[in-house]
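In what follows, a structure is listed as structure tokens, so that the remarks can point back to it.
In the working numbering, the protein residues as written are 102 to 252.
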């Protein structure tokens, strides 16, 4: 983004529109949904849109990963979905709303089946991958990115 990204009007307008249209079309209320994942350019935006649309902190907590991993851009919604599926139970309804600058927003509602319990056991949990994070100092980062040259 070239300028400060405030989320207005694009992020909030498009996500609100796609989620509202989906829920109205399916005759589902936010209270019927176990978990909701919203695109996460930061941690503030998904919390704000969740509240505006009637979702609780409890419904977004497992999928809100921006505070730990930052902005993963196009991967934000699916990464959040991965974390939510790790905690999913058969019958849970899971909402995912993506956003892309210039692309708008898509919203999808899944209902988890009894296969979720077995599927979760087949790979490490998303939180396990996040725990494996190795932080490096700026000097190492600069060397990895070829920003430091020996003369």
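For each residue, glycine too, the CB sits at the ideal point set by N, CA and C.
Mind checking residue i: buried by the 16 CB within 10 Å criterion, or exposed?
i: residue 102; result: Any reading at residue 102 must be qualified, since the residue scores a pLDDT of 47, below 50, and its modelled position is unreliable; no value is offered.
i: residue 150; result: buried
Helix, strand or coil, according to DSSP, for residue i in the structure here?
i: residue 243; result: helix
i: residue 211; result: strand
i: residue 195; result: strand
i: residue 189; result: coil
i: residue 171; result: coil
The beta strand (DSSP E) with residue i in it runs from where to where?
i: residue 217; result: Per DSSP, residue 217 belongs to no beta strand (DSSP E); it is in the alpha helix (DSSP H), 217-221.
Quick one: give me the first and last residue of the alpha helix (DSSP H) that residue i is part of.
i: residue 139; result: Where residue 139 is concerned, there is no enclosing alpha helix (DSSP H), although the beta strand (DSSP E) it sits in stretches over 136-139.
i: residue 161; result: 158-161
i: residue 118; result: 111-127
i: residue 227; result: 227-232
query: Does the count of Cβ pairs from the segment 111-128 and the segment 197-204 closer than 8 Å reach three?
result: Yes, the segment 111-128 touches the segment 197-204.
message: Would the segment 151-167 count as touching the segment 119-139 if we require 3 or more Cβ pairs under 8 Å?
response: Touching, per the Cβ criterion.
query: Per the contact definition of three or more C-beta pairs closer than 8 Å, is the segment 213-225 in contact with the segment 168-177?
result: At 8 Å Cβ cutoff, the stretches do not touch.
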